[in-house]
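Presented below is the structure to which this report refers.
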Amino acid sequence: MSRPSPDHRPSTTPSGRPRPSIPGSGLAKGLAVTLRTMTKKTVTEQYPDTQPELPPRSRGVIGLFEENCTVCMLCARECPDWCIYIDSHKETIPAATPGGRERSRNVLDRFAIDFSLCMYCGICIEVCPFDALFWSPEFEYAETDIRDLTHERDKLREWMWTVPAPPALDPGAEEPKELAAARKTAQKLAAQQQAAQEEPTAPAEPQEGES
Ligand code: SF4
Ligand code: SF4
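Under our numbering, the letters of the sequence shown match residues 10 to 220, in that order.
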């Protein structure tokens with residue numbers, strides 16, 4: 010079966026012969042398309058001369074806030090690509106009070122993500138119970154050597170500077186308990202500092218020979 014031509018006329022005559030085209034009709038159609046496109050708004054972004062306007066929650070790269078990381082290994086275990094590498098050792102913390110118990114804690118030695126394997130699923134960020142991993146919209150970290158796509162902890166920490174601030178809370182929403190705890194600590198410290206400044210200084214001891 011023959012396909013109808015773009016001008017909706019059959020491309021063949023009833024006898025099955027190709028229908029003769031009007032001279033210059035192809036050129037006119039091409040020019041019409043060009044004119045139509047010229048008057049439309051351009052959607053092409055001139056990257057890299059112009060930076061794209063990405064949504065703030067774009068999945069570009071993962072930042073590590075290592076102070077929050079307890080080396081629980083959940084992210085590495087849940088990563089479907091096994092591209093998170095974590096090394097750690099245990100440290101013993103002496104008892105805080107005489108007769109108290111010693112405690113042990115995990116100390117992070119290595120935290121790396123291989124972005125040549127990562128599929129940006131976000132599972133590691135979702136499962137982290139301590140808010141140590143965050144999405145950053147940064148995406149310009151192409152490398153010529155694939156080994157350089159393994160970002161070690163220092164580089165992952167640097168990405169934290171590019172993580173956007175969380176969206177504002179809804180009006181009337183309950184304040185997150187982390188914020189409340191941080192504000193309480195800051196207020197307590199400020200009160201202590203103010204009290205120390207207001208404390209009267211003891212009069213100087215009279216020197217020998219002074220009357
Ligand atoms: S985003 Fe997905 S694939 Fe990438 S490191 Fe996290 S869990 Fe693994
Ligand atoms: S899940 Fe979070 S706290 Fe646990 S090892 Fe991964 S980054 Fe650290």
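Glycine included, every Cβ here is placed at the ideal spot set by N, Cα and C.
Collapsing the DSSP output to three states places A121 in a strand.
Under DSSP, F143 forms a beta bridge with G72.
A straight-line Cα-Cα distance of about 33 Å links K50 and S30. Within the stretch 44-96, the runs of beta strand (DSSP E) at least 3 residues long that lie entirely inside it are, in chain order, 70-73.
Between S125 and V70, the C-beta gap is not smaller than 8 Å, which leaves the two residues out of contact.
For the options E62, T48, M47, the alpha carbon positioned closest to that of E54 is the one of E62. Leaving aside the five residues that flank I102 on each side, the residues in its chain whose CB is nearer than 8 Å to its CB run, in chain order, E111, R112, S113, R114.
Here I31 carries a coil assignment [DSSP, helix/strand/coil]. Taking C-alpha positions only, A174 is separated from G131 by approximately 18 Å.
Assigned with DSSP and collapsed to three states, V116 falls in strand. Taking the Cβ atoms as the reference, I95 lies roughly 6 Å from V80, within the contact range of under 8 Å. For I155, same chain residues with a beta-carbon under 7 Å away, outside a window of 5 residues either side, are S125 in chain order.
Per DSSP, D163 is one residue of the alpha helix (DSSP H) stretching across 162-168.
Ligand 2 never approaches C88 closely enough for any of its heavy atoms to be under 7 Å from the residue's Cβ.
Distances taken from the Cβ of C81 to the heavy atoms of ligand 1 include none shorter than 7 Å. Looking from the CA of E152, the closest CA among E183, P27, D123, L198 belongs to D123. The Cβ-Cβ distance between R166 and L73 falls below 8 Å. Taking the C-beta atoms as reference points, E87 is found no nearer than 8 Å to V42. A straight line joining the alpha-carbon of Q60 with that of Y150 spans about 14 Å.
Across the structure, S24 and M47 are spaced so that their CA atoms are roughly 40 Å apart. Distances taken from the Cβ of I102 to the heavy atoms of ligand 1 include none shorter than 7 Å.
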